[in-house]
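Student: Per our numbering: the sequence shown ends with 328, consecutive numbering throughout. Note that the Cβ used here is the ideal one computed from N, Cα and C, for glycine as well. Take a look at the following structure, please.
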Amino acid sequence: MSFPTVRLRRLRATPTLRAMVRETTLSPAQFIYPLFVVHGRDVREEIASMPGVYHHSVDRLAREIDEVSALDIPAVILFGIPASKDPIGQENFAEDGIVQQAIRAIKAANPDMLVITDVCLCEYTDHGHCGIVRGGEILNDETLDILGQVAVSHARVGADVVAPSGMMDGMVSAIRAALDGAGYAGISILSYAIKYASAFYGPFREAVHSTPSFGDRRTHQMDSANVREALREAQLDVDEGADMLMVKPALAYLDVIRRVRDRFDLPLAAYNVSGEYSMIKAAAAHGWLDERSAVIETLIAIRRAGADLILTYHAKDAARWLQTLE
Ligand code: PBG
3 MSFPTVRLRR LRATPTLRAM VRETTLSPAQ FIYPLFVVHG RDVREEIASM PGVYHHSVDR
63 LAREIDEVSA LDIPAVILFG IPASKDPIGQ ENFAEDGIVQ QAIRAIKAAN PDMLVITDVC
123 LCEYTDHGHC GIVRGGEILN DETLDILGQV AVSHARVGAD VVAPSGMMDG MVSAIRAALD
183 GAGYAGISIL SYAIKYASAF YGPFREAVHS TPSFGDRRTH QMDSANVREA LREAQLDVDE
243 GADMLMVKPA LAYLDVIRRV RDRFDLPLAA YNVSGEYSMI KAAAAHGWLD ERSAVIETLI
303 AIRRAGADLI LTYHAKDAAR WLQTLE
């Protein structure tokens, strides 16, 4: 059967028909909204390279969480900017560290808001690297113990999910063992299993002041040219006990999302990262593209590639737009 009997335009004729045959769904229930938390009082400061994204002080979080939850977004992921940085990043696992304070405040404001934490060293270390540094080298095994302490410190104050993002080998099993040993067997691990060394993290590093003081992250983050290696990364994390997997960034890696989706049955998240956000915001600010449709199209693409969940700075806007979408 073919044209003229078959006419694919028939099913595109009206908004109702188009909606009924739409293959991919997009809903705020799939969004995870990143929040940047800083010390101080009454701070709500826009991040220059990420219009619409703010640094929040802990006392301003409850209001933000109300807004997120009113939009039916179920989860946030937290990034903290510490008061001071040092070689191992003490505040990262301090009882009253910025993220620990934020978790308590969010859970007090809304116990149902799912709180995910980023578990990595780079925001807290004075050298900006994701591991302990000795002689210019980023040490792997020596870093694992700290990652475990960070995860436990987050679980202790109420985090629901910890998300290791440092691409250290063995990070998932180290964190699982630390959590279980401290009585937090019920806390899940969303592993940034497949994280590429990417130029698209630029605005984020400005936001959290984590640009490495020397070198780059290529000895631990993946080479963008590789996809078989991505499947090995995912397999290792599955074997180590990850509950969910993540691919990051999203847009230049849609094929990787698809490959991981096809091979693994774990829930899969994709991180629509800062540079991807800033590109759309910058073009929209110039009037070069329509922000609303570009964002929805982008998020649909990430879902179509196979992601169940999307970490995105567009979450609040997209949730609003989806309420009125045809
Ligand atoms: C590392 C971390 C990074 C991002 C999330 N967690 C940055 C990096 O690896 O340099 C990037 C997120 C984004 O660009 O939106 N803690």
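Could you give the first and the last residue of the continuous beta strand (DSSP E) run that contains D120?
Tutor: Your numbering for residue 120 matches position 118 in the sequence shown. Residues L116 to V121.
Student: Output needed for D245: all residues of its chain with C-beta closer than 6 Å, excluding positions within five of it in sequence on either side, in chain order.
Tutor: In the sequence shown, counting from the first residue as 1, residue 245 sits at position 243. Only S190 and I191 meet the Cβ criterion.
Student: How many Å lie between L123 and S295 at the Cα?
Tutor: The residue you call residue 123 lines up with position 121 of the sequence shown. The residue you call residue 295 lines up with position 293 of the sequence shown. Taking the straight line from one Cα to the other gives about 36 Å.
Student: What is the rounded straight-line gap between the Cα of E208 and the Cα of K87?
Tutor: For the purposes of this step, residue 208 is taken as residue 206 along the sequence shown, with counting starting at 1. For the purposes of this step, residue 87 is taken as residue 85 along the sequence shown, with counting starting at 1. Answer to the nearest angstrom: the Cα atoms are 15 Å apart.
Student: Near V154, what residues of its chain come up, given a Cβ to Cβ distance below 7 Å and the 5 sequence neighbours on each side ignored?
Tutor: Reading the sequence shown from its first residue, position 152 is the one you call residue 154. Excluding residues within five positions, the ones whose Cβ falls inside 7 Å are A180, L181, A184 and Y186.
Student: How close, in whole Å, do the beta carbons of C99 and P89 come, if the pair is a contact with beta carbons under 8 Å?
Tutor: Counting from one through the sequence shown, the residue named residue 99 turns up at place 97. Counting from one through the sequence shown, the residue named residue 89 turns up at place 87. The sequence as given places Gly at residue 99; Cys does not occur at that position. With a Cβ gap of about 16 Å, G99 and P89 do not count as contacting.
Student: Does at least one heavy atom of the ligand PBG sit under 8 Å from the Cβ of D120?
Tutor: Locating residue 120 in the sequence shown gives position 118, counting from the first residue. Checking every heavy atom of the ligand PBG against the Cβ of D120, one is found closer than 8 Å.
Student: Between which residues of its own chain and E328 is the CB-CB distance below 6 Å, once the five residues before and five after are set aside?
Tutor: Locating residue 328 in the sequence shown gives position 326, counting from the first residue. Because E328 carries a pLDDT of 48, less than 50, the predicted location of this residue cannot be relied on, and the following value inherits that uncertainty. Closer than 6 Å at Cβ, skipping near neighbours: P17.
Student: Tell me, please, whether the segment 68-83 touches the segment 37-53 by the rule of three or more beta-carbon pairs shorter than 8 Å.
Tutor: At 8 Å Cβ cutoff, the stretches touch.
Student: Between the Cα of R265 and those of A271, N274, L233 and K250, spot the shortest distance and give me the residue it belongs to.
Tutor: In the sequence shown, residue 265 corresponds to position 263, counting from 1. The candidate whose alpha carbon is nearest that of R265 is L233.
Student: Which of helix, strand or coil does DSSP assign to Y273?
Tutor: On the sequence shown, position 271 is the one that residue 273 refers to. Three-state result, Y273: strand.
Student: Let me confirm a value: L10 is counted as buried when at least 16 other C-beta atoms fall within 10 Å, else exposed. Which label applies?
Tutor: As a first step, residue 10 is located in the sequence shown; it is residue number 8 there, counting from the start. Classification for L10: exposed.
Student: Do you know how far the Cα of P166 is from the Cα of L149?
Tutor: Locating residue 149 in the sequence shown gives position 147, counting from the first residue. Locating residue 166 in the sequence shown gives position 164, counting from the first residue. Taking the straight line joining both Cα atoms gives about 8 Å.
Student: Have a look at Q92 and A21 and give me their C-alpha separation to the nearest angstrom.
Tutor: In the sequence shown, the residue the question calls residue 92 occupies position 90. In the sequence shown, the residue the question calls residue 21 occupies position 19. The alpha-carbon atoms of Q92 and A21 are separated by roughly 51 Å.
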